[in-house]
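Student:
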Amino acid sequence: MHKLSEDDAIRRTTRVLRQLYRREQQWLGCRTPEQLARLTQHGQLPLSEQLHYGELAFLLLRLKPCTIIDYADRAQLDDYVAHVISPTLRDLNALGAVAANARNCADSGACYPRPFRLVCRRIDGQLASPEVASWTGAYVVYDDLWPLSADWAKAQLLDPNNTHIAEEELARGLDYPGDESGEWISERWECLTSFIVLQKELPQTALHRIRYQAIKMFDIEMQVNMDTSMIDEFSME
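My numbering puts the first residue of the sequence shown at 793, with every later residue one more than the last.
#1: Decide if the region 801-813 is in contact with the region 910-920; the criterion is three or more beta carbon pairs, one per stretch, under 8 Å apart.
#2: Would you identify the three-state DSSP class for residue 943, choosing helix, strand or coil?
#3: Given a threshold of 16 other Cβ atoms within 10 Å of its Cβ, counted over all protein chains shown, does residue 949 qualify as buried or as exposed?
#4: Using a Cβ-Cβ cut-off of 6 Å (strictly less than) and excluding sequence neighbours within five positions of residue 859, which residues of its own chain qualify?
#5: Would you mind reading off the limits of the beta strand (DSSP E) that contains residue 910?
#6: Sorted by chain position, which residues of the same chain lie with C-beta nearer than 8 Å to residue 868's C-beta, five sequence neighbours on each side aside?
#7: So the beta strand (DSSP E) residue 934 belongs to, where does it begin and stop?
#8: Which of helix, strand or coil does DSSP assign to residue 844?
#9: So, residue 922 versus residue 959, is the Cβ gap smaller than 8 Å?
#10: Have a look at 966, 924 and 965 and flag the residue whose alpha-carbon is nearest the alpha-carbon of residue 956.
#11: How many Å lie between residue 928 and residue 825 at the Cα?
#12: Report the three-state DSSP secondary structure of residue 861 (helix, strand or coil).
#13: Do you know offhand how far residue 797's Cα is from residue 887's?
#14: For residue 944, which option in 926, 904 and 967 has the closest C-alpha, if you only look at C-alpha atoms?
#15: For residue 819, tell me which candidate among 946, 939, 844 and 806 has the shortest Cα-Cα distance.
#16: Return the bridge partner residues of residue 796 from the DSSP annotation.
#17: Residue 935: buried (16+ other C-beta within 10 angstroms of its C-beta) or exposed?
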């Protein structure tokens, strides 16, 4: 089977990720006002934080083992996965099947191109975490060719015998710098990922920021928008 060159793999993957971004925008644009209100918890959650293209990009780069696809209104999630995520994974996996291993991986730990096979599965078990009463109905995307990714997703999120996951374990599997706000953004894209951190976690958040800012791929040039207005409120010190 003919393997893609490194430049061609990156170029084609960037094209698919941009198509995902457009699919997400189109899907959100087709929501009724009532549906949008439920997705954003009546305006409490910005629409820019309802996008998942950045999460998939970081998974492809092996910066995070898994990503969770979820919305405040899970009644709309099956439709979103069917019309946005599934066709994107089909396009990406066609590239992963013919991708050669990168000659060098970035200092950030990012590694691409490489062979991969992304899988999207629904969480059907009665899984809870300290911050989320139920993850049932959310979806997890993992790389079936990356043992760390596949093993973690199947053991921590998809095992029906596992009914609880600690925030620290979620942070490890989703590569969040804390147990729990900031968001990683880009001049060319909108919000790429978002999370909440506690005040005591700011040093590790700084290291996380340095690692992600080293990314120079998929037209991602990282900036960081740290909202510190709620740090004292969440501080446990």
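Note that CB positions come from ideal geometry on N, CA and C, so glycine has one too. Fair warning: this is a prediction, and the values are worked out from it, not measured in the lab.
Tutor: Quick answer:
#1: Result no; under three Cβ-Cβ pairs closer than 8 Å.
#2: Numbered from its first residue, the sequence shown carries residue 943 at position 151. Helix.
#3: Locating residue 949 in the sequence shown gives position 157, counting from the first residue. The residue is buried, with at least 16 neighbouring Cβ atoms inside 10 Å.
#4: As a position in the sequence shown, residue 859 is number 67, starting the count at 1. Result list for residue 859: 847, 851 and 933, in chain order.
#5: As a position in the sequence shown, residue 910 is number 118, starting the count at 1. That run of the beta strand (DSSP E) goes 910-914.
#6: Sequence index remark: in the sequence shown, residue 868 carries index 76 (1-based). Hits under 8 Å: 823, 827, 830 and 831.
#7: Residue 934 sits at position 142 when you count from the first residue of the sequence shown. Per DSSP, residue 934 belongs to the beta strand (DSSP E) from 931-935.
#8: By 1-based counting over the sequence shown, the position of residue 844 is 52. Correct three-state label for residue 844: coil.
#9: As a working mapping, residue 922 is identified with position 130 in the sequence shown. As a working mapping, residue 959 is identified with position 167 in the sequence shown. Yes.
#10: Stepping through the sequence shown from its first residue, residue 956 is reached at position 164. With distances taken between Cα atoms, residue 956 lies closest to 924.
#11: Looking up residue 928 in the sequence shown gives position 136. Looking up residue 825 in the sequence shown gives position 33. So the alpha carbons of these two residues sit roughly 25 Å apart.
#12: Here residue 861 corresponds to residue number 69 of the sequence shown, with the count starting at 1. In the structure shown, residue 861 sits in a strand (DSSP, three-state: E or B).
#13: Translated into the one-based positions of the sequence shown, residue 797 becomes position 5. Translated into the one-based positions of the sequence shown, residue 887 becomes position 95. So the two alpha carbons sit approximately 11 Å from each other.
#14: Within the sequence shown, residue 944 is the residue found at index 152, counting from 1. Answer by Cα proximity: 967.
#15: Locating residue 819 in the sequence shown gives position 27, counting from the first residue. Of the listed residues, the one whose Cα sits closest to residue 819 is 844.
#16: Position 4 of the sequence shown, counted from the first residue, corresponds to residue 796. For residue 796, the pairing in a beta bridge is given by DSSP as 891.
#17: Indexing the sequence shown from 1 puts residue 935 at position 143. Result: buried.
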